[in-house]
Structures are given as C-alpha cells and as structure tokens.
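Worksheet: one structure, shown below.
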Amino acid sequence: MKKYVLIIAITILTAITFTACYSQVMTSAPATDKPESTDNITNTSSPSPENTSVAECETANKIEQPAQSTTPVAETPTKKPEPTMDPDTWDYVIDNDSNMHYTENIKTPKVMPYEIHVNKQMNCITIYKANKKGEYTKPVKAMVCSAGRKTPLGTFTTSSKYYWKAMIHDVWAQYATRITGDILFHSVPYENHEKNTLITSYYNQLGSIASAGCVRLCVKDAKWLIENCPSGTKVVIYNSSNPGPLGKPSPIRIPSQCKWDPTDPDSRNPLRKKKSTITGVKDRRIERCANVNCLENVTAFDINTYNMTSTGIKVSTKLNSKKTGTYKVKYTFKDSKGKIITKKAVFTVSDTEAPVISGIPENYYVHDIKKVSANSIYKAITLTDNGCPLEKKSHLTVDFANNKATITANDDYGHSKKLIVTVIEDNTPPVIKLAESQKKPLPISQEVTDSFARKRIKSVSDDIAKLNVNSPKITIKPNGWGVKIIYEVWDNAGNKASAEETLEYEKVSVKTTVSDIPVISNIHSDKQLRKFISVTSEKTGKPVKYSLKIKRTKTSSNKLYKTYKVTYNVSYKSTAGTKNVSKNIKVREKK
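Everything in the sequence shown is counted per this note's numbering, starting at 1 for the first residue and increasing by one.
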C-alpha cells in the first residue's frame, strides 16, 4: 500500500513542479539573463577561441550548488537539489563536486553499437553503426558541432557522463560525455543549471571553431550521444575538408532573447511548438512621442527549420506615436513552407508627462537687469512635451516682477509645469592671475599642452560664480619660435576675463664638426657620417632630439679616393612647429 501511495505522491509532485516551472518560463525571463547587442544574430561572427570567455574545461572547485527542493522518499521527505530536467531523468546522483551524474541502465556491450567520428576542421560529427562483423562502416547520423583549436586529434574512448556538468567561469552544460581528460561532448553552455539560461551568442557559433577544447552540440544531439553511445564508445577526432558521407547539417540560429535550446525535448521548452508561430506579440501602452519599435521582443518561429528570427516579420499599422489614441498592429510571417501566420495587438498611445521648460536656469544671471522682461525670458525658453516641440504661444505664460519670473507651461492633456526663475544682476567680470613670466626659454622637448598651461594659472576668482583653475578655456597658438597661450573665463552672466602670455623655445645650433675633408671607409654608413654633424642647444650646449636625412653626391674620383658632397637635412620640432636646417661637407671614401 505504501508503494502505491508513494507513486501517486511523486506523480502529483512532479506534475505540480513542471506546471509551475513551465508557467515561470513562459511569463518571465530569468534574472541572470545578460542583454545582447542584437535581436537577430543569424550573421553572428564567431570570436577566436583564444579570446572566448567560456572554456569548457571542468572544475571541481568553486562551483555553484544546485537549488534545493523537497522530494518524498519512502515515508520520510528528504531534500535533494532539483535542477530543471527532463521528466525521465530523476535518477541522477549528486556528488560532492556538484556534477549530476548520468547512470547507464544497460550493461556495457561487447561490441559498441556506434562509433563517433569528429571532423574538427569542418565542425561536424558522423555516427557510424556496427555491422554484423563489428565493423563501423555504415553512416547513420550527422551532427553539427563546435570544436576548439585545442581539441586533441586521435582515437579515444568515452567514460563518465553527466546530466549537468559544472564548468569553469561559472557556467554549466547539459548532457556531457567525457572523451578524454577535461575534453567532453556537451551542450552549448548555460549561465547556470537551468534550461532557460542558454548563452545565445555561443549557440549561434555552432558549426565553427568556438570552444576552448570541448566539443559543443545542440541539446538534441548531446542527449542522443549520452543515451545511445555507452561508456567505452570509440571516438575518432580528425581533420578533413570533406565533412563526411552525410555532409554537415546546417546550424540553427536564434535571436538574442531566446534563452532555450530549440532542440531541447523538455516539455517546458516554449519553443516546442507544433506549428510555426509568432511569439512576443502583446498589447502595449506607449508614452506619446516615444520611439516605438513594433518588433521589440517579437520573434517568428519556423517549425520546419527551428529558426527564430524577427527580420521576416511584416508589420502593418497606422500607429502615430505623436498622437494619443488606440492603434491596431498586425504582424505577418511566412514560414519556409509558405504558411502565413498572423498575430494582432493593440497599441495605446497616451500622454502622462508634464511639459519640460528648458533654456533658462532657476538662477538667471544677466549683465543689466533693466533689459530683462517677461518677453526676453519668453524668447529664451524652449518648450517640449515628451520630447516633442510644444508651441509656446498657446502653452506658455511668463509673469515677471521684482526680479522674479513665474513660468507656467500646459500641454493639451491636462498636465502643467511651473518654474520660478530668480534674475540676478552681475556686471563684474572674473579675475584670472598667471604665474610669473617664464624667464628661461623652454627646451624643445617640452610640449606645451592644456595641462602644462593650467599649471601656469595662479588663481581664478569671481564675486559670485565659483571658479577655479579648471574653469578657463585655453588656446595654444604657435608664435614664431614659441607659443602664445590665451586664457579666457566667463562667469554665469557672461562677463569675460582673459589673459595671455608668450613662451619662447631655446635656440638650436646645427654645425658640422670638421675643418678638413674627412676620410671614411664606407660612404653609405650613416653611423660614420653622423659623427660630422652636431645639433645642440645654444644656451646649454646639450644635445637636442632631431631627425636626419643624409644625401650623398659623388663629385670626383682618383686612384686613392672617391670624393662626395654630403648634405645633412636636419629636422627638429617643438609645439611651435618644425625647423629644417641643411649643412654640406665634402667627404672622401677610401677605395
């Protein structure tokens, strides 16, 4: 009797659990979902595996523990981790490394039913079936996969299996089968051990090199391997430009908002539709003048290809977001077999926001308060409602008295905005003081920048405004062999103060260092010719940085020497600009 009670209790609890989970999946996205940059990722490019953020190498440490739930066992209820799983996979066990092991229900056969051939180069798999002689010559199934540059080549045999496998970088994978070491077959990674947290961008890399070494598959194929290929199955990983006798299946592409693997047979998978459909269509309420994307979160599902897209959906509507009212929106999609699907929604445009008054601050500083009037304030104002321009003549009033303006704006939907502006007269300009004049010329290596110039400011002050050395606008202009720095600063009323200074750069001496005609062994050696030119500061005598081009022109030749005219084109520069100097000498080269 207890056995029948237990069976009934488990059946009821399982049904309640699945119903609740399915409802949650269909009504809300998990909190851990990360936003994607695009809605349609059919053309998603695959990042190089060296830079991938998910490496499918297993880890036994720092792994997130599965959520806990209550499952009745015999007459005493005990708590077990309860991940989202297929109804027929409740017989897993939890090891202390949080991996959910798969227990095979059959004895290991003497001859394995299948052999797995992984074409790393083409990112596809061919399954071969054994014939009566035990030879694996008959191809029966092809799969698309994603290997990695570190996926090893060779022959291996499968071992341990997992319903869910914890991976490094705090991600999880379904239906994992160990190939060798830390290399496994497994599904595309998930953010955690819940089936509605698929990392979509990785799913759209299936068919290309994308992993850090493991072999990624869609759920349907990873599940097939774990259920049909017993531990000890031979795996051959090789490279070939020929995908195999059955070819390479086309990978499925899904939009960013899809967080389920469309091939996952779980009954709660919202993508397990029996027909092509459009999802995400719902009535919406929109604020007037808002930018509206009718295809936001709307996706078409093609049952024939499992593809999910938003690009093939046509939208028909007379929606005008600038005008309040109710608008019908019709969505139409044609699937790959020509079936036309339509969905309808109602968009309601409403105005719930007050107008926005801009163009004038609450404290309005002016040069001369006598020139301020209600009309001048009126002209300075910009009026908008929900981002749309609002005509001022019938929606704005300005009352001005005792140096205060009361500004009132009303829209056509019963909303108003009031702003009180205090007008403050300020006709005293700020004061800017600079450091003492630069007495020594600047070395040409000193770059005069905004940061350098600000260090030359001693102080900036104003009788009302709060100003500092970061307030002035700085302009730096070349001035001869120096620079002119102009400092300008304004207070809140527009009163301006300015200062300027000119800084000179050191003069540079370019000289040749020979009095007679030098003799060298190789006229084409810049190193030998550089000895005869000197570029230094006139004031300090220290070398300065320069660039040099050397031109050689043969002028004569005898039995002992070849004589050349050597031209040194010297270039040196500073913030003031660039100077070019040429010097000529005669040089003899030994024959």
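Ideal Cβ placement from N, Cα and C applies to all residues, glycine included.
Taking the C-alpha atoms as reference points, what is the distance between K455 and T578? 25 Å
Comparing C-alpha positions only, which one of T406, I369, K371 and E115 sits nearest to I381? T406
Which residues does DSSP list as the beta-bridge partners of W172? Looking at the DSSP output, W172 sits in a beta bridge with A166 and Y190.
Spell out a yes or no on whether the segment 202 to 218 and the segment 147 to 157 are touching, meaning 3 or more CB-CB pairs, one atom from each, closer than 8 Å. yes
For the pair the segment 199 to 206 and the segment 134 to 142, tell me if three or more CB-CB distances fall below 8 Å. no
N- and C-terminal bounds of the alpha helix (DSSP H) containing F347: That residue, F347, is in no alpha helix (DSSP H); its beta strand (DSSP E) goes I340 to S350.
Identify whether F400 lies in helix, strand or coil by the three-state DSSP scheme. strand
Return the Cβ separation of K234 and E104 in integer angstroms, given the expectation that the two are a contact with Cβ distance under 8 Å. That pair is no contact at about 17 Å.
Going by the DSSP bridge assignment, what does P429 pair with across the sheet? Paired residue(s): none; P429 is not in a bridge.
Who are R366's beta bridge partners in DSSP? With the sequence shown as reference, residue 366 is identified as Val, and Arg is not the correct amino acid for it. DSSP lists E425 as partners of V366.
Please list, in chain order, all residues of the same chain as E296 whose beta carbon is under 7 Å from its beta carbon, the five residues on each side excluded. none
For D385, list the residues DSSP reports as bridge partners. C388
In the DSSP assignment, the beta strand (DSSP E) including L217 goes from what residue to what residue? First-last of the beta strand (DSSP E) with L217: V215 to L217.
CB contact below 8 Å: I125 versus chain B: Protein chain content of the structure displayed is limited to a single chain, and chain B is not contained in it.
Considering only the alpha carbon of each residue, which of G482, P243, I183 and L548 lies closest to I533? L548
Measure the alpha-carbon distance for A497 versus S461 and round it to whole angstroms. When rounded, the distance between both Cα atoms is 10 Å.
Through-space distance from F333 to W172, alpha-carbon basis: 35 Å
Given R588, which residues of its chain have a CB within under 6 Å of its CB, disregarding the five upstream and five downstream residues? I517, V519, Y561 and T563
Where does L434 fall in DSSP's three states? strand
Start and end residues, alpha helix (DSSP H) containing F452: D450 to R454
Euclidean distance between Cα positions of T475 and V510: 31 Å
Boundaries of the alpha helix (DSSP H) in which K379 is found, first to last residue: A374 to A380
Same chain only: Cβ atoms within 6 Å of I278, ignoring 5 sequence neighbours per side: A300, Y331, F333, I341 and K343
Of all the options S187, S159 and H169, which has the alpha carbon lying nearest to the alpha carbon of G178? Rather than Gly, the amino acid found at residue 178 in this sequence is Arg. The shortest Cα separation from R178 among S187, S159 and H169 belongs to S159.
In terms of residue numbering, what span does the beta strand (DSSP E) encompassing K393 cover? K393 -> no beta strand (DSSP E), and no H or E assigned at all.
At the level of alpha carbons, what is the spacing between C294 and E287? 14 Å
Considering only the alpha carbon of each residue, which of T428, A401, L383 and N427 lies closest to T408? L383
With DSSP as the reference, label A493 as helix, strand or coil. The DSSP-derived three-state label of A493 is coil.
Does E135 pass the burial test, meaning 16 or more other C-beta atoms within 10 Å, or should it be called exposed? exposed
DSSP on E488, reduced to helix/strand/coil? Strand.
Neighbourhood of V298 by C-beta distance below 8 Å, restricted to the same chain and skipping five residues each side: I278, T279, G280, V281, S310, I313 and Y331
Residues near S574 by beta carbon distance below 6 Å, same chain, minus five either side: I444 and Y505
Distance check for Y546 and K583, CA to CA, integer angstroms please. 14 Å
Buried or exposed, going by whether 16 or more other CB atoms sit within 10 Å of the CB of K591? Residue burial annotation: K591 is exposed, with fewer than 16 other C-beta atoms found within 10 angstroms of its C-beta.
Around the C-beta of Q438, are 16 or more other C-beta atoms found within 10 angstroms, so that it is buried, or is it exposed? With fewer than 16 Cβ atoms within 10 Å of its Cβ, Q438 is classed as exposed.
Three-state secondary structure (DSSP) at I474? Three-state result, I474: strand.
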